[in-house]
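Chemist:
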Amino acid sequence: MTVSTVTASAFGADLLRYRRSASLWLLLLCAPVAARYMISETEGEGISIAVGGQLPVLTSPVFGIWLGIVVSTLVMPVVFIYLRAGPTRRQPWQLDETSPASRIAIALGRFGADAAIMMGVLIALSLAGLFLAWMKVTGPYQPGHILLLLWVVAGPTLLAVAAIRILFDAVPILRGALGDFLFFMLWMASIIVPSIAAENGSTFANNMASVGGAIRPLMESAPPGSESFAIGTSSLAPGRVELDPWAGIGAQGYLASRAGWVLLSLAIAALAGLVYRPHKSKARTQRFAWLDRLTLRRLLPGAAPSSQHATRAGLGIVPLVLAEMRLIASGSLFPLLAVGAAAIGLADDYRHAGSPAALLLLVFALSAHAGRTEARGLVALTATAPFHPLIRRMAFIVAGTVLSLAIAVPAMMVHGPLHVLELAFLTGAAASLAAIVLAWAARSPFVARITLLIGWYAYMAS
Amino acid sequence: MTLEARSLARSFGRKKVLEDVSATFPIGLTLLTGPSGAGKSTLLRLLATADKPNSGEIIWQGQPLPAARRALRQTLGYAPQAVDLPEDLTAREFGLHIASLKGLSRSDADAQFAGILEALGLLPDIDRRIQGYSGGMRRRLITAQALMGDPQVLTLDEPTAELDSESAAAVHGLVMERAATASVIMTTHLGEQLAPQAVQNLRIADGKAQPVG
Ligand SMILES: Nc1ncnc2c1ncn2[C@@H]1O[C@H](COP(=O)(O)OP(=O)(O)O)[C@@H](O)[C@H]1O
Ligand SMILES: [Mg+2]
Chain A
821 MTVSTVTASA FGADLLRYRR SASLWLLLLC APVAARYMIS ETEGEGISIA
871 VGGQLPVLTS PVFGIWLGIV VSTLVMPVVF IYLRAGPTRR QPWQLDETSP
921 ASRIAIALGR FGADAAIMMG VLIALSLAGL FLAWMKVTGP YQPGHILLLL
971 WVVAGPTLLA VAAIRILFDA VPILRGALGD FLFFMLWMAS IIVPSIAAEN
1021 GSTFANNMAS VGGAIRPLME SAPPGSESFA IGTSSLAPGR VELDPWAGIG
1071 AQGYLASRAG WVLLSLAIAA LAGLVYRPHK SKARTQRFAW LDRLTLRRLL
1121 PGAAPSSQHA TRAGLGIVPL VLAEMRLIAS GSLFPLLAVG AAAIGLADDY
1171 RHAGSPAALL LLVFALSAHA GRTEARGLVA LTATAPFHPL IRRMAFIVAG
1221 TVLSLAIAVP AMMVHGPLHV LELAFLTGAA ASLAAIVLAW AARSPFVARI
1271 TLLIGWYAYM AS
Chain B
12 MTLEARSLAR SFGRKKVLED VSATFPIGLT LLTGPSGAGK STLLRLLATA
62 DKPNSGEIIW QGQPLPAARR ALRQTLGYAP QAVDLPEDLT AREFGLHIAS
112 LKGLSRSDAD AQFAGILEAL GLLPDIDRRI QGYSGGMRRR LITAQALMGD
162 PQVLTLDEPT AELDSESAAA VHGLVMERAA TASVIMTTHL GEQLAPQAVQ
212 NLRIADGKAQ PVG
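Heads up: the sequence lines are chains A and B, in that order. Our numbering applies: residue 821 is where the first sequence begins, and numbers increase by one. Our numbering applies: residue 12 is where the second sequence begins, and numbers increase by one.
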């Protein structure tokens, strides 16, 4: 057996699965549509990049680097969610883990397929960028400049996302919620760390510290002495600033760091094969314990068929909400963390301390339970429960909201009820609703978790 | 060509599932029977290198397992109770991918896989996506991939669960064919049907394996 046939087979199988999935075509369609909103020229209409409060003059190179910067910052978590929750999420690990195939060969093949999808996204964005620039460009239309700058900034980032996905799939504890959280931390670090490191001058090492590589070219493109760089939305001052993206790309050690990230991505994918640890097969009884609790045990106490009717009649909405609350709060650490979040709520600025702390806990608890109940195959099972799935989902939202209010009780006593009540109610209800809808749409907890984490960050930081 | 288990023990948390299992698995069919939850699947996972014992040894051709694992995997067929099947691939594409992982040549594997699926009554569906497969079809597909490459050690976990008697008979036919030259280890609820053809019948109970009959 050669390594290359295994790699080719893993690559081919995953790529085929992507190609057959409607989600891929949706992603490739969404990318150019989103690109339209990635280059915004008026306040509040989309994503703008501003230097010293001013928008840049939209020359061809600026188009390229602008798109590259947006992909390397804001689009990064979106594609990570897609890879992780997408068509290749389920792998026949029960078989590949007992095969003689090299794990490195499998990891490289799967990385290749993910990388190909990322390059597809970049091609779709390139086409959109070329079109948008053609309509809006100031000065000469230079397609080559647009493509080169976009690919230098965004290409290595997307490869790195694919590599991280493969690495996180290889390590048991990172296959679940912890991996999502770690990626979220990495993503934030890739935005925050370079803006600090950027002060320290442009060296290869400093630039390698940033996966996204988005901040350096922006800073070095700006006229000397510029301050305040903003990506996203910000209030804009009139007038335009002239940027020189080629100077940004040409900053000392920057291009080398991008090449470095391409090689590092390959190395991370190979490392994933090296550190791969098999799945632990969970006992069926354990995995479905929550389901028994919710349905069978209540429905069939002592499994006596004659008592079925009596129990069924006794099942009201309130017990259902209580059951959902118990299931959301079923993690062994939940009580401890809830007490911690409630205690943080006693601190002065509830909006920026207690409320985000409680919400962060709920994000994990809600997405985990919503993901379990909406998982493929289980929907059919829960449908046999005495309640319509829609009623169960409503109960889930009520349960999440009540939990949010419960954690806020100490804060209400300290800060006065109204302000706290409003925040706890709104965040709890919104997070529960988003969790159940996203888990239902994606049939897994991944999408709900990361989306909610990003929402949580926006809530905390604003 | 022998597979041997020596004093295998496996527990999950405080629960001791296997306490002291010793057995040899000669060429021919070994049936694993016993009450549900006794540890049949657990033993099969250990033999198929999908799990590691807490203590004890598995010996393949005179060499103990971590060292002999690769050699065993090269000639192993394993049909676990459940597989996360790639729903969006066809049975043929799935089979060819597994064949590559096993190191089989694609053209040989293609012909052999089609032959196995034909014997199992799945040939008409070979180019259909797995998402359209019923529970019984999935079971047979999982058995079929295990048979590819004529493994010297074939481990099957309830291959006839969810099957009608006709399909179950087809599975038994292929299994007995393989048992002529390989160690086949199988758990099944249809133990009585196959017992006369088995070289041994191990009853798993109370953490131990006892030969029956
Ligand atoms: N990964 C696991 N974690 C915890 N308990 C397990 C695990 N796998 C099996 N068990 C337990 O081990 C016992 C034996 O399981 P199993 O081997 O599947 O039984 P059998 O196949 O004989 O029905 C069961 O009680 C089961 O709950
Ligand atoms: Mg079993």
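Ideal Cβ positions, reconstructed from N, Cα and C, are used throughout, including at glycine.
(1) Taking all protein chains shown into account, do 16 or more other C-beta atoms lie within 10 angstroms of the C-beta of Asn1026 (chain A), making it buried, or fewer, making it exposed?
(2) Under 7 angstroms Cβ-Cβ, which residues of chain B neighbour Ser919 (chain A)?
(3) So which residues of chain A does Arg81 (chain B) contact, with C-beta pairs closer than 9 angstroms?
(4) Please compile the residues from chain A whose C-beta is within a distance smaller than 7 angstroms of the C-beta of Ala59 (chain B).
(5) For ligand 1, I want to know if Val1082 (chain A) counts as a neighbour, meaning its beta carbon is within less than 8 angstroms of at least one of the ligand's heavy atoms.
(6) Are there any heavy atoms of ligand 1 lying less than 8 angstroms away from the beta-carbon of Asp168 (chain B), as far as the coordinates show?
(7) To the nearest angstrom, how far is it from the Cα of Pro37 (chain B) to the Cα of Asp916 (chain A)?
(8) Would Ala49 (chain B) and Thr41 (chain B) qualify as a contact pair, given that the criterion is a beta-carbon distance under 9 angstroms?
(9) Within the 9 angstroms Cβ cut-off, does His108 (chain B) reach chain A?
(10) If the cut is a Cβ gap below 8 angstroms, which residues of chain A does Pro170 (chain B) touch?
(11) When you measure from the CB of Lys26 (chain B) to every non-hydrogen atom of ligand 2, does any distance come out below 8 angstroms?
(12) Would you mind telling me which residues of chain A sit closer than 8 angstroms to Pro91 (chain B), beta carbon to beta carbon, in chain order?
(13) At a CB distance below 8 angstroms, what residues from the stretch 67 to 78 of chain B approach chain A? Give them in sequence order.
(14) If you measure between the beta carbons of Leu835 (chain A) and Ala936 (chain A), is that distance less than 9 angstroms?
(15) Hey, is Thr86 (chain B) close to ligand 2, as in C-beta under 8 angstroms from one of its heavy atoms?
(16) For Lys1100 (chain A), is the beta carbon positioned less than 8 angstroms from some heavy atom of ligand 1?
(17) Taking Arg56 (chain B) as part of the alpha helix (DSSP H), name the residues at either end of that continuous run.
(18) CB of Thr171 (chain B) to nearest heavy atom of ligand 2: below 8 angstroms?
(19) Would you call Glu789 (chain A) buried or exposed, if buried means 16 or more other Cβ atoms sit within 10 Å of its Cβ?
(20) Is the distance from the Cβ of Ser843 (chain A) to the Cβ of Pro907 (chain A) below 9 angstroms?
(21) Would you say the beta carbon of Ile215 (chain B) comes nearer than 8 angstroms to a heavy atom of ligand 1?
(22) Chain A beta carbons: is any one of them nearer than 9 angstroms to that of Pro46 (chain B)?
(23) Determine, for Ile926 (chain A), whether the minimum Cβ-Cβ distance to residues of chain B falls below 9 angstroms.
(24) Nearest chain B C-beta to Thr825 (chain A) closer than 9 angstroms, yes or no?
(25) Taking C-beta pairs closer than 7 angstroms, name the residues in chain B that Ala1163 (chain A) reaches, listed in chain order.
(26) According to DSSP, simplified to helix, strand and coil, what is Ser1264 (chain A)?
(27) Where do the ends of the alpha helix (DSSP H) carrying Gln914 (chain A) lie?
(28) How about Ala1109 (chain A): is its C-beta nearer than 9 angstroms to some C-beta of chain B?
(29) Should Tyr144 (chain B) and Ala102 (chain B) be called a contact, given that it needs their Cβ atoms to be closer than 9 angstroms?
(30) Which residues of chain B have a Cβ atom closer than 7 angstroms to the Cβ of Leu836 (chain A), listed in chain order?
(31) Ligand 1 and Ala49 (chain B): does any heavy atom of the ligand fall closer than 8 angstroms to the residue's C-beta?
(32) Rounded to the nearest angstrom, what separates Gly4 (chain B) and Val164 (chain B) at their Cα positions?
(33) Any idea if Ala1130 (chain A) is buried or exposed, counting beta-carbon neighbours within 10 angstroms, 16 or more meaning buried?
(34) If I follow the unbroken alpha helix (DSSP H) through Val871 (chain A), where does it start and stop?
(35) For Arg117 (chain B), which residues of its own chain have a beta-carbon under 8 angstroms away from its beta-carbon, when the five flanking residues on both sides are left out?
(36) If you check the beta carbons only, do Leu1243 (chain A) and Arg1171 (chain A) fall under 9 angstroms apart?
Modeler: By the coordinates alone:
(1) buried
(2) Arg84, Leu112, Lys113
(3) Pro920
(4) Thr918
(5) no
(6) yes
(7) 26 angstroms
(8) no
(9) yes
(10) What Pro170 (chain B) touches in chain A: nothing, since even the nearest Cβ is about 14 angstroms away.
(11) no
(12) Gln914, Leu915
(13) none
(14) yes
(15) no
(16) yes
(17) 51 to 58
(18) no
(19) Nothing can be reported for residue 789 (chain A), as the shown portion of chain A is limited to 821 through 1282.
(20) yes
(21) yes
(22) no
(23) yes
(24) yes
(25) Per Cβ cutoff of 7 angstroms: no residues; Ala1163 (chain A) is ~32 angstroms from chain B at best.
(26) coil
(27) 913 to 916
(28) Confidence is the limiting factor: at Ala1109 (chain A) the pLDDT is only 48, short of 50, which leaves the residue's position unreliable and the question unanswerable from this model.
(29) yes
(30) Leu100, Glu104
(31) yes
(32) Outside the shown range of chain B (12 to 224) lies residue 4 (chain B), about which nothing can therefore be said.
(33) Confidence at Ala1130 (chain A) is low in this model, with a pLDDT of 37, below 50, so its placement is unreliable and the value that follows should be read with caution. Ala1130 (chain A) should be labelled exposed.
(34) Unbroken run through Val871 (chain A) is the beta strand (DSSP E), 868 to 871; no alpha helix (DSSP H).
(35) Leu107, Ala110, Ser111
(36) yes
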